[in-house]
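Participant: Going by our numbering, the first residue of the sequence shown is number 2, and it counts up by one from there. Even for Gly, the Cβ is constructed at its ideal location relative to N, Cα and C. Okay, here's the structure, questions in a sec.
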Amino acid sequence: MKAKLFCYNLEKLSSSAKNKCRKELLGHNDSSHDGKYRYQRPGLLQKIWNQRPVRSVVIVKERDSSGVIRVFEKYDVRYNTYEIKEE
């Protein structure tokens, strides 16, 4: 299996941009009517295979890496990409 490892940093973003990026990437819990109704809003990583070994690091399959890159570039996130090859 070929995979890509992403190391990202949200430090330079505004707090609203950080929250939007996290919600789009990781998903979030939403509620309405004073907490009467609760919803799980899925993020990109909930829809694809991934591993998160530590904070700010995510491993995804190579075919799914374009979606992660798209989110990072949308919010101007600083990131590094490394290829993982199975031998």
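Can you round the beta-carbon distance between tyrosine 76 and lysine 5 to whole angstroms, since I take them to be within the 8 Å contact cut?
Facilitator: Sequence index remark: in the sequence shown, residue 76 carries index 75 (1-based). Sequence index remark: in the sequence shown, residue 5 carries index 4 (1-based). Not a contact, Cβ separation roughly 18 Å.
Participant: Inspect the beta-carbon positions of tyrosine 9 and valine 58 and report whether they are closer than 9 Å.
Facilitator: In the sequence shown, counting from the first residue as 1, residue 9 sits at position 8. In the sequence shown, counting from the first residue as 1, residue 58 sits at position 57. Their beta carbons are under 9 Å apart, which means tyrosine 9 touches valine 58 by this criterion.
Participant: Do you know offhand how far tryptophan 50's Cα is from glutamate 12's?
Facilitator: Here residue 50 refers to the residue found at position 49 when the sequence shown is read from its first residue. Here residue 12 refers to the residue found at position 11 when the sequence shown is read from its first residue. Looking at the two C-alpha atoms, the distance is approximately 26 Å.
Participant: Going by DSSP, name the residue or residues bridged to lysine 21.
Facilitator: The residue labelled residue 21 in the question sits at position 20 within the sequence shown. The partner list for lysine 21 (beta bridge, DSSP) is empty, contrary to what the question assumes.
Participant: Spatial neighbours of phenylalanine 73 within its chain, please: CB distance less than 7 Å, with the 5 preceding and 5 following residues excluded, ordered by chain position.
Facilitator: Within the sequence shown, the letter at position 72 stands for residue 73. Only Tyr9, Tyr80 meet the Cβ criterion.
Participant: Pick out the complete alpha helix (DSSP H) segments inside the region 59–83, 4 residues or longer, and give them in chain order.
Facilitator: 66–75
Participant: On the three-state DSSP scale, how would you describe lysine 48?
Facilitator: The count along the sequence shown starts at 1 and reaches residue 48 at position 47. It is helical.
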